Amino acid sequence: MFKRILIPLDGSKRAEEALSMGAYLARMTGASLLLVKVIAPELLYTGLYPTVPSYVAEQVHTTYLAEAETYLKHVIRILKLEDISVSTEVIIGIPDATIVQIAGERQADLIVMRSQGQTGVARWFFGSVAQYVLRHSLVPVLVMRDGCSPLMLRPAQPFHVPRILVPLDGSPQAETALEPAAEMACLLAGSEQGQIHLTCAVRSVTARDHFTIAQEEQQNKAVQAEAEAYLAAIATRLRAGEFASSALKTSYSVVTYTREEEIWKRIFRESECIGDVPGYAGYDLIAMSTHGRTGLQHLLHGSITEHVFDSTVVPLLIVHTHTIPKEEIPSSDERAYLTMYHAPDGRGEKQSNFSSKS
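At position 288 of the sequence shown (counting the first as 1) the number is 733 in our numbering, and the numbers step up by one without a gap.
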């Protein structure tokens with residue numbers, strides 16, 4: 446359960462759109478809010494220090510800090526956050542790195558923030574505070590995007606039962622997103638039944654892999670069945686674990702790809718069929734894990750999570766994978782290629798939309 450939620454603000458209406466979600470989650474869990482405004486050093490006219498009297502530079506410094514504090518108090522009053530335990534902090538620093546640092550120092554367990562909305566070449570050129578935070582933060586990050594459904598922008602108002610998509614690949618690292626996703630599904634559903642859809646992408650072999658047609662069909666069926674058994678076990682684990690009392694509704698499906706760069710595209714296509722609300726199809730939130738790779742390692746291995754961040758406009762719940770002790774990682778024999786858990790008799794609610802797209 447969330448105990449302290451950090452919301453970075455920069456004075457813009459866009460950044461403030463994360464406040465409704467943060468306040469809703471705080472009220473549902475009893476968590477406190479930490480509103481943070483980071484002032485970039487260049488805004489303090491540090492370049493003028495050699496040419497102006499020191500007392501003038503100090504006045505500029507004091508003025509910016511005071512205005513930031515006044516702004517945060519104004520936000521609390523306007524949004525009527527008096528019923529929530531709210532603290533504020535104004536810090537001078539580089540926004541993205543400072544947000545990550547403060548989240549750790551103040552022991553926040555969730556960051557809720559608005560993205561800058563830049564995509565493609567523009568985001569690559571100018572960078573993204575949200576991207577840096579989701580890559581480096583050790584606590585979960587909920588990033589509100591341009592494609593937020595009404596549910597995400599105004600969670601206290603009933604629209605429809607929320608749907609959360611959780612892509613998995615059979616690894617313990619990917620599964621670190623499950624618990625935060627399940628908790629978020631329950632919170633967003635309120636008195637209703639939260640919904641999680643599990644999706645796994647498996648590679649489909651073709652004749653180019655030197656298989657006969659019969660071998661190709663047999664291999665693909667075996668891999669599909671193995672992936673379905675894995676997802677069924679995860680679904681049962683969610684329903685029988687700490688979220689059993691919440692009656693969490695779980696569904697799952699398997700998608701196939703032939704090239705790795707197709708993985709995230711196939712997941713998107715599959716997820717468009719989730720839900721049965723007239724006039725609205727798809728999901729409200731994607732929950733994924735990230736390895737937080739940087740530098741050369743990131744360039745060599747890439748990141749499915751960042752492909753999703755670049756390509757979708759829906760909100761993302763990103764969970765940083767922590768180091769897993771070697772003895773806790775099943776061997777290749779135990780995993781049997783994909784399945785790490787033996788599927789129980791109950792397999793949950795299986796959706797059939799995959800077969801219509803194969």
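Note that the Cβ used here is the ideal one computed from N, Cα and C, for glycine as well.
As the structure is a computational prediction, the values presented were derived from the model and not from experiment.
Reducing DSSP to helix, strand and coil, say where residue i ends up.
| i | result |
| --- | --- |
| Y728 | coil |
| V578 | helix |
| M629 | helix |
| E779 | Because the pLDDT of E779 is 33, which lies under 50, any placement of that residue in the model is unreliable, and the question is left without a value. |
| A670 | helix |
| K518 | helix |
| T621 | helix |
| V586 | strand |
| E462 | coil |
| H752 | helix |
| Q640 | strand |
| A553 | coil |
| E534 | strand |
| P760 | coil |
| M733 | strand |
| V606 | coil |
| I529 | coil |
| P486 | helix |
| M558 | strand |
| I434 | Residue 434 is absent from the structure shown; the chain starts at 446 and stops at 803. |
| P540 | helix |
| L524 | coil |
| A646 | strand |
Ignore the nearest five residues each way along the sequence and tell me which others in residue i's own chain have a CB closer than 7 Å to its CB.
| i | result |
| --- | --- |
| V545 | V578, H581 and S582 |
| F447 | L470, T474, A476, D554 and L555 |
| A630 | P607, I609, G639, Q640, I641 and L693 |
| A665 | One detail in the question is off: residue 665 reads as Asn in this sequence, not Ala. Contacts found: S649 and V650. |
| G549 | L583 |
| S691 | C631 and G639 |
| F688 | A627 and C631 |
Do you know offhand how far residue i's Cα is from residue j's?
| i | j | result |
| --- | --- | --- |
| A634 | I537 | 38 Å |
| E706 | R648 | 11 Å |
| T766 | S698 | 23 Å |
| S616 | R459 | 36 Å |
| L623 | A672 | 17 Å |
| A468 | L478 | 7 Å |
| L846 | I641 | With the chain covering 446 to 803 only, the question about residue 846 has no answer from this structure. |
| A809 | V606 | As displayed, the chain neither begins before 446 nor continues past 803, which places residue 809 out of reach and without an answer. |
| R684 | V611 | 15 Å |
| M558 | V531 | 16 Å |
| P486 | I539 | 7 Å |
| L632 | Q602 | 13 Å |
| S457 | V574 | 14 Å |
| L524 | E462 | 11 Å |
| T750 | I529 | 33 Å |
| L451 | F754 | 20 Å |
| R551 | T508 | 25 Å |
| L613 | E512 | 45 Å |
| R704 | F713 | 15 Å |
| Q618 | S465 | 30 Å |
| E419 | F656 | No answer is possible for residue 419: it lies beyond the span of the chain, which begins at 446 and ends at 803. |
| W709 | H506 | 46 Å |
| D455 | Q504 | 21 Å |
| T695 | Q663 | 28 Å |
| R758 | S636 | A quick correction: the sequence has Val, not Arg, at residue 758. Roughly 27 Å between the two C-alpha positions. |
| R599 | I658 | 52 Å |
| D541 | I484 | 11 Å |
| H752 | I547 | 27 Å |
| R449 | V535 | 17 Å |
Ordered along the chain, which non-local residues of its own chain (more than five positions away) have a Cβ less than 6 Å from that of residue i?
| i | result |
| --- | --- |
| P760 | M589, R590, C593, M597 and L730 |
| A567 | Note that A567 scores a pLDDT of 41, beneath 50, so its modelled location is shaky and nothing firm can be said. |
| T621 | S734, V764 and T766 |
| P770 | Caution is warranted here: a pLDDT of 39 is assigned to P770, below 50, making its placement in the model unreliable, and no coordinate value can be reported. |
| L587 | V557 and L762 |
| S560 | A575, V588 and R590 |
| A732 | I609, V611, A622, A626 and L762 |
| P453 | V481, I544 and M558 |
| L676 | L643, C645 and Y697 |
| G565 | Low confidence applies to G565: its pLDDT is 46, below 50, so where it sits in the model is not reliable, and the reading given next is rough at best. Cβ within range, chain order: n/a, list empty. |
Distance cutoff 8 Å, beta carbons only. Does residue i sit that close to anything in chain C?
| i | result |
| --- | --- |
| L623 | Going by chain labels, chain C is absent from the structure shown, which holds only one protein chain. |
Spatial neighbours of residue i within its chain, please: C-beta separation below 8 Å, excluding the five flanking residues on both sides.
| i | result |
| --- | --- |
| R804 | The requested residue 804 is not part of the displayed model; the chain covers only 446 to 803. |
| T533 | L479, L480, V481, K482, E514, L517, K518 and I521 |
| G740 | Residue confidence for G740 is low, a pLDDT of 47 falling below 50, so the modelled location carries little weight and cannot support an answer. |
| Q853 | With the chain covering only 446 through 803, there is no way to say anything about residue 853. |
| E527 | I521 |
| P585 | D554, L555, I556, P625, L762, I763, V764 and H765 |
Please look up how many angstroms separate the CB atoms of residue i and residue j, rounded, as I've assumed it's under 8 Å.
| i | j | result |
| --- | --- | --- |
| L643 | A674 | Actually they do not touch by this definition, with Cβ atoms about 12 Å apart. |
- Query: Which residue spans inside the segment 683-714 form an unbroken beta strand (DSSP E) run of at least 3?
  - Reply: Those beta strand (DSSP E) runs which fall completely within the segment 683-714 and span 3+ residues are 694-702.
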